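With full-length UniProt numbering applied, the sequence shown covers 1 to 153. Contents: one structure, followed by commentary.
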Amino acid sequence: MLGLFEKKEEIVTPAIGQNDLQEMVSIFAEASADVSTAAQPNPKFNPFKGSSAPTPEQIGSDTSLSQYPHVMSCTQAFDLLVGCFSLGGQIKSYYRYGTLANCEDQLTKFKFCISNSTKSGAEKEQGISQWYKESWAQKKASGSSEDVWDAKK
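The following block contains the structure:
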């Protein structure tokens, strides 16, 4: 009988705020439902691969978006978001970092993809390339284990 009536601590998981949900609903309402033109990611693009990726200094001076993907799959972005919020995604985050994931990067990508899907043609492709350029620059500026290996060379 020990422990049956003790109060247990509740685990609080990060949740999407009400404003985020309302914003996502409004984005869905505004987005066109053209499923036949689903974009596929560029399999050759790897912004984190060796010397082919531009440095942060080059990003600031280079205005060319041709080296970045110009298509984005909203289905893939949604799958990444759901995977992050899933039990497995939260367990992986807790194991790796000691905290539960807030899935902010995945949510940002999904919201951008939905809002950008209402645009057409070159404007849409340019927006996607710009988004990849900015997100890569943020990831590169924040540092990674790759920096340690570069210093050891």
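Here a beta-carbon is modelled for each residue, glycine too, at the ideal position from N, C-alpha and C. Everything numeric in this text was worked out from a predicted model, so none of it was measured.
For residue 68, three-class secondary structure by DSSP:
coil
Label residue 142 either buried or exposed according to how many other C-beta atoms from any shown protein chain fall within 10 Å of its C-beta, with 16 as the threshold for buried.
exposed
Proximal residues to residue 78 (C-beta, below 6 Å), its chain only, five neighbours per side dropped
Here residue 78 has 110 as same chain residues with Cβ atoms under 6 Å from its own Cβ, once five neighbours each way along the sequence are excluded.
According to DSSP, simplified to helix, strand and coil, what is residue 103?
Here residue 103 sits in coil by DSSP.
Exposure of residue 22, with buried meaning 16 or more beta-carbon neighbours within 10 Å
exposed
Using the C-alpha atoms, what's the distance from residue 148 back to residue 36?
Note that residue 36 scores a pLDDT of 42, beneath 50, so its modelled location is shaky; the value from the coordinates is reported in the next line. Taking the straight line joining both Cα atoms gives about 44 Å.
Assuming residue 74 and residue 114 form a contact by the criterion Cβ under 8 Å, report the distance between their Cβ atoms to the nearest whole angstrom.
6 Å
Give me the Cα-Cα distance between residue 98 and residue 84, rounded to the nearest whole angstrom.
15 Å
What whole-angstrom Cβ distance do residue 70 and residue 129 have, given they're in contact under 8 Å?
5 Å
If I measure Cβ to Cβ from residue 125 and keep anything under 6 Å in the same chain, skipping five residues before and after, which residues do I get?
70
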